[in-house]
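J.: Residue numbers (UniProt numbering): 1 to 142.
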């Protein structure tokens, strides 16, 4: 059992009633142990994971036409988040800048976006329809 006391910029970690001056132990009290979300483990290298995922998403988007709505909006969002990942080394500050939950949730979102971007390249929703839609397709009630 340990207790973390934060005094201005000094961090003291107390293990079993004794203060630890070992830097590794002092930092151990600050490391995230769990996300608190079932099935979502703590990421030990979130910046590297997000760099890889965002690079892959941006590469996948390059296979789409520049005027495709999905490409435009996804590229804008991913580029903004990628910039934050490159510029902000502190995970807590990065989470606040991205503003989409814990960093592990952001990683999960990026993994899903990568899968979707690859599917969108396969589906090509920007291409014209094979057949013209019926004239009353979107009229309700019929």
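Glycine included, C-beta positions come from ideal geometry on N, C-alpha and C.
(1) With a cut-off of 8 Å, do at least 3 Cβ pairs link the region 61 to 76 to the region 129 to 140?
(2) With H, G and I counted as helix, E and B as strand and the rest as coil, what does DSSP make of residue 124?
(3) Measuring alpha carbon to alpha carbon, tell me which residue in 116, 88 and 141 is nearest residue 71.
(4) For residue 88, I'd like the list of residues in its chain whose CB is within less than 7 Å of its CB, leaving aside the five on either flank, ordered along the chain.
(5) Does residue 41 get closer than 7 Å to chain D when you measure Cβ to Cβ?
(6) So what does DSSP say about residue 100, is it helix, strand or coil?
(7) May I ask you to report which of helix, strand or coil DSSP gives residue 44?
(8) With a cut-off of 8 Å, do at least 3 Cβ pairs link the region 106 to 113 to the region 41 to 61?
(9) What are the start and end residues of the alpha helix (DSSP H) that includes residue 87?
(10) Output needed for residue 120: all residues of its chain with C-beta closer than 6 Å, excluding positions within five of it in sequence on either side, in chain order.
(11) Would the beta-carbon of residue 57 fall within 7 Å of that of residue 78?
(12) Considering only their Cβ atoms, is the gap separating residue 102 from residue 35 smaller than 7 Å?
(13) Determine, using beta carbons only, whether residue 53 and residue 75 come nearer to each other than 7 Å.
T.: Well, looking at it:
(1) no
(2) coil
(3) 116
(4) 94 and 97
(5) Looking at the structure shown, chain D is missing, and only one protein chain is on hand.
(6) coil
(7) coil
(8) yes
(9) 69 to 87
(10) Only 70 meet the Cβ criterion.
(11) yes
(12) Their beta carbons are under 7 Å apart, which means residue 35 touches residue 102 by this criterion.
(13) No. Outside cutoff.
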